[in-house]
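Chemist:
Residue numbers (our numbering): 335 to 741.
1. For residue 684, which residues does DSSP report across the bridge?
2. Run through DSSP, which three-state label would residue 416 get?
3. Could you name the residues of the same chain whose beta carbon sits closer than 6 Å to that of residue 404, not counting the 5 residues immediately before and after it, in chain order?
4. Can you give me the Cβ contacts of residue 633 inside the same chain, cut-off strictly under 7 Å, excluding the 5 residues immediately before and after it?
5. Just how far apart, CA to CA, sit residue 580 and residue 659?
6. Tell me whether the beta-carbon of residue 536 lies closer than 7 Å to the beta-carbon of residue 586.
7. Taking the alpha-carbon positions, what's the residue 577 to residue 616 distance?
8. Reducing DSSP to helix, strand and coil, say where residue 515 ends up.
9. So who's on the other strand from residue 677, going by DSSP bridges?
10. Kindly indicate the opening and closing residues of the beta strand (DSSP E) around residue 523.
11. Quick check: the Cα distance between residue 397 and residue 412, rounded to an integer number of angstroms?
12. Does DSSP classify residue 713 as helix, strand or coil?
13. According to DSSP, is residue 387 helix, strand or coil?
14. Reducing DSSP to helix, strand and coil, say where residue 723 ends up.
15. Report the rounded CA-to-CA distance for residue 653 versus residue 684, giving the unit in angstroms.
16. Determine the extent of the beta strand (DSSP E) in which residue 618 is found, giving its start and end residues.
17. Would you give the residue range spanned by the beta strand (DSSP E) that residue 579 belongs to?
18. Hey, how far is the Cα of residue 707 from the Cα of residue 495?
19. Please classify residue 649: is it buried, with 16 or more other beta-carbons within 10 angstroms of its beta-carbon, or exposed?
20. Under 6 Å Cβ to Cβ from residue 327, same chain only, skipping five residues before and after it: list those, please.
21. What did DSSP end up calling residue 557 once you bin it into helix, strand or coil?
22. Is it true that the CB of residue 703 sits closer than 7 Å to the CB of residue 573?
23. Is it true that the region 620-636 meets the region 414-430, where meeting means three or more beta-carbon pairs spaced less than 8 Å apart?
24. In this structure, does DSSP put residue 567 in helix, strand or coil?
25. Classify residue 723: buried if its beta carbon has 16 or more other beta carbons within 10 angstroms, exposed otherwise.
26. So what's residue 449 in DSSP terms, helix, strand or just coil?
27. Can you tell me the Cα-Cα spacing of residue 457 and residue 687, whole angstroms?
28. Got a sec? Which residues, its chain only, sit under 6 Å from residue 313 by beta carbon, not counting five neighbours each side?
29. Less than 7 Å between the beta carbons of residue 651 and residue 604, yes or no?
30. Compute the beta-carbon to beta-carbon distance between residue 662 and residue 631, rounded to the nearest angstrom, for a pair I have assumed lies under 8 Å.
31. Just verifying my parser: in three-state terms, what is the DSSP assignment at residue 541?
32. What do you get for residue 666, buried or exposed, if any count of 16 or more other CB atoms within 10 angstroms of its CB means buried?
33. Candidates 589, 592, 596 and 669: which alpha carbon is nearest residue 763's?
34. Just to confirm, is the Cβ distance from residue 442 to residue 697 under 7 Å?
35. Using alpha carbons as the reference points, say which of 447, 552, 439 and 664 lies closest to residue 409.
36. What's the C-alpha gap between residue 583 and residue 637?
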């Protein structure tokens, strides 16, 4: 979900990478604060230019940052996955944003929640400022006079938030920060790194979900190096852990159940390149043979000209392949109850790899409300992948679409 203005090069060989920071990422910007497109221009050779394990925590100097997860869950002992879940902790220099969605794969019911810092709308809150971006500092409880409460209520009333959004609240005083390089405390929602695992807590009026995600395998080098800046590769950093076994507890209403599954984790931060929202497609796919694919396409919003595209493939042994010569052919489309159209079937061809990727959604109704773009499509998908006409390998993952096929 981010994107902005980027001047496209006319030849494929001269084209520089650009990837939006948005995708679940900071829905790029509230007003000028967010807007954003992160672009990729990864140098060779295909090796990380930094140690991901040392970069897990917030980078306050960066213009944007996000910690994104998607995954599938089921009750312990059940054969098939019953739920999909997606979350995105985001921050920029003005404040924080968090959205997540729990989807019932059998009924298609979505439970969407989102929390926003008042500071993103220039509505100050001393307590939020102290917690901004996981800063490990203690805050004094602000005064609670009637005048202050009235001013806050009036300020909140003047801001129109998207459906399912509310301003972030915090317990008083905030809990002391643990000794961890990654500690995100967004109201009652948390993300904490403990050794090689992550503890995630999501609490809202509809449900609560507590998860332990175990890091497993090598990180995926997005576009080959993890450096994805446009003018300077160091301007943006991006890494992925595609396979994290998950265990936890899910409570819906009065019913609580033990759950297990597998998750995908993205972390990106850096400088915002442009401020003009663009069209965006992204897929994170896990194949049954152990390969993992990160795929994206970024387009200008008016003419639809492709600004940047790419496929990053990680093999079970950690080997990385990158393909920039990619074609995207949309198939069937779906029109949401709100009148927006999204392509829900695609054929993607990576010519340099001889790879054909066929993607279709698990179910169509996954339109979610977000800041800036109002609505995006974000949900589970199924895939079949073949190389050079060989046997098709099945897989699954998540698909994100912004501005694709809108009426």
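Note that the Cβ used here is the ideal one computed from N, Cα and C, for glycine as well.
Modeler: Reading it off the structure:
1. Looking at the DSSP output, residue 684 bridges to 660 and 689.
2. Coil at residue 416, not helix or strand.
3. Closer than 6 Å at Cβ, skipping near neighbours: 420, 598 and 732.
4. Counting only Cβ-Cβ distances below 7 Å, and skipping sequence neighbours, we find 612, 613, 639, 640 and 641.
5. About 35 Å.
6. No, the pair does not count as a contact, with Cβ atoms beyond the cut-off.
7. Between the alpha carbons of residue 577 and residue 616 lies a distance of about 17 Å.
8. Of the three classes helix, strand and coil, the one that applies to residue 515 here is coil, per DSSP.
9. DSSP lists 667 as partners of residue 677.
10. Residue 523: member of the beta strand (DSSP E) spanning 523-528, first to last residue.
11. A direct Cα-Cα distance of roughly 43 Å separates residue 397 from residue 412.
12. Strand, per DSSP.
13. Secondary structure at residue 387: helix, using DSSP grouped into helix, strand and coil.
14. The answer is coil: DSSP assigns residue 723 none of H, G, I, E or B.
15. Spanning the two alpha carbons is a distance of roughly 17 Å.
16. Taken as a continuous stretch (DSSP letters only), the beta strand (DSSP E) holding residue 618 covers 613-621.
17. For residue 579, the enclosing beta strand (DSSP E) has its first and last residue at 570-586.
18. When the Cα atoms are used, residue 707 and residue 495 turn out to be separated by approximately 12 Å.
19. Exposed.
20. With the chain running from 335 to 741 in the structure shown, residue 327 is simply not present.
21. Residue 557 carries a helical assignment under DSSP once its states are collapsed to helix, strand and coil.
22. Their beta carbons are not under 7 Å apart, which means residue 573 does not touch residue 703 by this criterion.
23. The region 620-636 makes no contact with the region 414-430, as fewer than three CB pairs between them are under 8 Å.
24. If DSSP states are grouped into helix, strand and coil, residue 567 belongs with the helices.
25. For residue 723, the number of other beta carbons within 10 angstroms of its own is below 16, and it is reported as exposed.
26. Strand.
27. One C-alpha to the other measures close to 50 Å.
28. Since the first residue of the chain shown is 335 and the last is 741, residue 313 is not available in this structure.
29. No; because the gap between Cβ atoms is not below 7 Å, this pair is not in contact.
30. Contact flag correct, Cβ pair sits at about 5 Å.
31. It is a strand residue.
32. Counting every other CB atom within 10 Å of its CB across the protein chains shown gives residue 666 a total below 16, marking it as exposed.
33. Coverage of the chain is limited to positions 335 through 741, which leaves residue 763 absent and any answer about it impossible.
34. Yes, Cβ-Cβ distance for residue 442 and residue 697 is below 7 Å.
35. Measuring from the Cα of residue 409, the nearest candidate turns out to be 439.
36. In this structure, the straight-line span from the alpha carbon of residue 583 to that of residue 637 is close to 46 Å.
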